[in-house]
Structure formats: structure tokens, C-alpha cells
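Just so you know, the sequences run in chain order A and B.
No gaps in the numbering here: position 142 of the first sequence is 1123 in this note's numbering, and each next residue is one more.
No gaps in the numbering here: position 76 of the second sequence is 68 in this note's numbering, and each next residue is one more.
Heads up, the beta-carbon is just placed ideally off N, CA and C, and yes, glycines get one too.
In this text the structure is predicted, and so the values were computed from the model without any measurement.
In what follows, a single structure is set out as C-alpha cells and then discussed.
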Amino acid sequence: MVNIIWVLMAVIGIIYAMFFGTMDDVNEAIFQSADDAVMLSISLVSVLVFWLGLMRIAEESGLLLALTKLFRPIIAKLFPDIPRDHPAMGYILSNISANVFGLGNAATPMGIKAMEEMKKLGQSDQASRSMITFLAINTSSITLIPTTVIAIRMKYDSITPTEIVGTTIMATFISTIGAIMIDRLFFHLRSRRNS
Amino acid sequence: MPIIATVSVWIIPCIILVVFIVGTWKRVPTYETFVEGGKEGGKMAFSLLPFLLGMMVSIAIFRASGAMDAFVEFFSPILTLVGIPADIVPLALVRPISGTAAIGMTTELIASHGPDSFIGRLASTMQGSTDTTLYIITVYFGAVGIKRMGDALKVGLLADFIGIIASIVVVSIVFGS
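The structure is reproduced here in C-alpha cells:
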């Protein structure tokens, strides 16, 4: 499905440009965005090296396991096919905590690491049940304090820039619950199809 | 606000403090372990590059050609029919595809309608309560080499839709439309 979306965006864009005379813009955008992607990857290097280094210490010292034990009752139900005390649990929890506290740049390394651990469990190039659940939780966003939005609101002289924190938390809560429910539904549809 | 600002400044140094103290306490060779873990990060960023570049170029073509605007215009009537305010429709459609485009739209909506207007509050809530699904799928599956994604994209996009509807309902109830 990603293949189709990827090709469609480019093909539609190029054909559209043929008819509406925006080929100059398209041509410029191709190399500009390729450049942007390289810059983004470079800026990810610092974040990934820093957080993965730090988290390795947390893993070896047992800190990650302690975190897992603390939250296991809640999280184990969401990821039934990950064994107790598996490092994947620890990284999933770290990713969720980083997201909750709005540490976007810490959330990505932990999320990738969680995926890697889950892949070790599955041993295939197909997305496992827990991977899809994990992704659903991440795409629905679980940020408690949307710092970027607050900054934009302050810039445009909002009287109460933080008044949207409450509504964001409520909307996030509903969308995360919704994401988990949809994920469960699709999982049951899948298992019915396979049996 | 001052409390939130303080917490967000203090939190990372405090995490480092705790990890270092516990690591030393448990006799982990801290520095070497950090370097070992960090090496992995370098490799990871490099292997991510082609995934990011491919996706970003395709999105850029779609956007720069004007096709994205046409796409938004085409689907607007349908979403307006469901009860989504017309001004917010472009943001709702673009939010899962491109993070930078969405931030741009949110800023524009806040600037033109005012941050404390209904649309301003709605755009703020929507921006904060959903994430860029396409980016997350690209990065997370790309980094570990997952080729068959199963239902991931469908689940992610449906979750975005719920987030959009939830934002509208919550903001309407809390602030009144």
C-alpha cells in the first residue's frame, strides 16, 4: 500500500504539473527535498547516537527493566505477544514516556529500538501484531503538552496560549483509545481470515 | 506555563543524572556502554536516509506541482458534508501526509483567524492530537527493514480520522462554536 501511495503522489504531481505549468517548481522541489532529507538524517544522527547510548546504559544497569516492571500491568495487555521482561517492553515504555512529555527527539530513537527488538521476536520482514499496535499508538500521538503549538499561539499574541492543552489531552485520549480499538478490530479480522 | 517551561528544561538533564548514577552504582562501564550503544545510532541514521529521501521527494513533487491543493479542494466538499468546518479541511487532509505542511497550515490558520478564535483553537488542538502517520511508518518500518506492513497504514489513517473528529467534538463542547 505504501508503494502505491508513494508512486501515486509523484505520478499525479508530475502529470498535474504538465497541464498546469508548474514543472519548474516540481523540478526545483525534487532536489530541494532530497537535500532536506539528507539534512534531516544528519540532524537525526546526533539524536540517535545520544539517546541510544544513554539508553544502553539504562538497559545494562537494570533501569529499563525497573521501568518495565512498574508499568507492566497496563502495557502487557496491549502487547500480549511480547514476553514479560523482554527489552522490547522497556523501549516501548520509554518511547511512550518520551512522547507523553513532549520529548519528540527522544521518542524516535526509542521507537526505532522498540521496533528492532520486536523484529527480533518475530524473525520476519512482516509487521507483527505488536508492531502494528505500537504504530497505531504512535500515529495517534500521545503528547500531553504540545509545545510547538503553544509557541505558535504565543507568537500570534494569544491571550491564553495554553488553553488548548486541555482539549488536546482530551482529543489525544479519545484518538488513542480509538486507535487501539481499530487495531484490535483489524487483528480479529485478520485472525478470522487466516483460520 | 512557567511550571511547564521549567519541567521541559529540567527533564533531560535529570534523566541523564539518574541514568549515570544508577549505571555507576550497578558497576556498568558507563562510558564504554554509551559509545557501544551510540555506534548503533550512527548506523541507524544512515540506513534511514534512503527511506526518508524517497518519501520526501515524492511528497515534495505532489506539493510543489499544486496537485496537493487540488486534492484538498476535491475532497473538501465530502469532509464538509460530515460536519468538518471548511477552513479546517485542508489541515485535516494534509496532517497525516506531511508534518511540515501541516505546521505551515496551522500557523497560517492561527495567523488569519486569531489564536483565540474557534478555528484557531481547533487547528491548535488538531495539530497537537494527531501525528504524521506517513513519516512514522516510513521511519519506524524503514529503520528495521519491515517490508510487509499488514494493516499498519490503514489503522494509522483511521486513527488520524478519529483524532480529527475528536478534536472537533471536544473543541465545540469546551469552547462552543
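### Message
Cβ closer than 7 angstroms: which chain A residues qualify as neighbours of S121 of chain B?
### Response
S1122, T1149, A1152, T1153, S1156
### Task
Look at the Cβ atom of I1098 of chain A, then the Cβ atom of A1069 of chain A, and state whether they are nearer than 9 angstroms.
According to the sequence provided, residue 1098 of chain A is Glu. The question's Ile does not apply to it. Contact flag set, yes.
### Task
Could you pull the start and end residues of the alpha helix (DSSP H) that P82 of chain B belongs to?
81 to 86
#### Entry: I154 of chain B burial status per 10 Å Cβ neighbour count (16 or more: buried)
buried
### Runs of alpha helix (DSSP H) lying entirely within the stretch 122 to 163 of chain B, each at least 4 residues, in chain order
125 to 136
### Task
Starting from G168 of chain B, find everything on chain A with Cβ-Cβ shorter than 9 angstroms and list it in chain order.
By Cβ distance, chain A contributes nothing, its closest Cβ being about 12 angstroms from G168 of chain B, past 9 angstroms.
### Task
Using a Cβ cut-off of 9 angstroms, pull out every chain B residue sitting near A1069 of chain A, in sequence order please.
Chain B residues near A1069 of chain A: none, gap ~12 angstroms exceeds 9 angstroms.
### Task
Step through the CB atoms of chain B and report whether any lies within less than 9 angstroms of the CB of D1006 of chain A.
yes
### Task
Consult DSSP for Q1107 of chain A and reduce its assignment to one of helix, strand or coil.
strand
### 8 angstroms Cβ cut-off: residues of chain A touching A103 of chain B
Y1137
### Query
So, T1120 of chain A versus A1160 of chain A, is the Cβ gap smaller than 9 angstroms?
yes
### Query
What are the boundary residues of the alpha helix (DSSP H) that T72 of chain B is part of?
59 to 73
### Query
Can the beta-carbon of D152 of chain B be found closer than 9 angstroms to that of T122 of chain B?
yes
### Task
Quick one: measure Cβ to Cβ for S1075 of chain A and M1091 of chain A, integer angstroms, because I've assumed they're closer than 8 angstroms.
4 angstroms
### chain A contacts made by the stretch 25 to 40 of chain B, where a contact means CB separation under 7 angstroms
T25, F26, V27, E28, G29, G30, E32, G33, G34, M36, A37, L40
### Query
Taking all protein chains shown into account, do 16 or more other C-beta atoms lie within 10 angstroms of the C-beta of R1037 of chain A, making it buried, or fewer, making it exposed?
buried
### Task
Return the chain-ordered list of same chain residues with a C-beta closer than 8 angstroms to the C-beta of R87 of chain B, the five sequence neighbours on each side being excluded.
A94, M118, Q119, T122, T124, D152, I156
### Task
Using the Cα positions of K18 of chain B and I1056 of chain A, report the straight-line distance between them to the nearest angstrom.
26 angstroms
### Query
Using a C-beta cutoff of 9 angstroms, does P1127 of chain A count as contacting chain B?
yes
### Listed by chain order, chain A residues near I128 of chain B by CB distance under 7 angstroms
L1116, N1119, T1120
### Message
Once DSSP output is grouped into helix, strand and coil, what is the label at Y966 of chain A?
### Response
No statement about residue 966 of chain A is possible, as the shown extent of chain A runs from 982 to 1176 and does not include it.
### Message
Please list the terminal residues of the continuous alpha helix (DSSP H) segment that includes L253 of chain B.
### Response
Nothing in the structure corresponds to residue 253 of chain B, since chain B is present only between -7 and 169.
#### Entry: Whole-number beta carbon distance between L145 of chain B and V983 of chain A, since they are thought to touch under 8 angstroms
6 angstroms
### Task
Give, in chain order, every residue of the stretch 54 to 80 of chain B whose Cβ lies closer than 9 angstroms to some Cβ of chain A.
F54, R55, A56, S57, G58, A59, M60, A62, F63
### chain A within 9 angstroms of V136 of chain B, Cβ atoms only
yes
### Task
List the endpoints of the continuous alpha helix (DSSP H) containing E100 of chain B.
91 to 105
### Any C-beta of chain A under 9 angstroms from that of L150 of chain B
yes
### Message
Please determine whether the Cβ atom of I1163 of chain A lies at a distance below 8 angstroms from any heavy atom of the ligand COA.
### Response
The ligand COA is absent from the structure shown, which contains no ligand whatsoever.
### Query
Taking C-alpha atoms, which residue in B:V166, B:M60, B:G75, B:R113 lies nearest to A998 of chain A?
B:M60
### Message
List, in chain order, every chain B residue whose beta-carbon is nearer than 8 angstroms to that of T1003 of chain A.
### Response
A56, S57, G58
### Burial state of D1138 of chain A, where buried means 16 or more other Cβ atoms lie within 10 Å
exposed
### Message
Restricting to Cα atoms, I'd like to know which of B:G134, B:V74, B:S50, B:P77 is closest to L41 of chain B.
### Response
B:G134
### Query
Mapping DSSP to helix, strand and coil, what is Y1137 of chain A?
coil
### Message
On the DSSP letters alone, give me the boundaries of the alpha helix (DSSP H) that S1172 of chain A sits inside.
### Response
1145 to 1175
### Message
Distance cutoff 9 angstroms, beta carbons only. Does V1 of chain B sit that close to anything in chain C?
### Response
In summary, chain C is missing from the structure at hand, where the protein chains are A and B.
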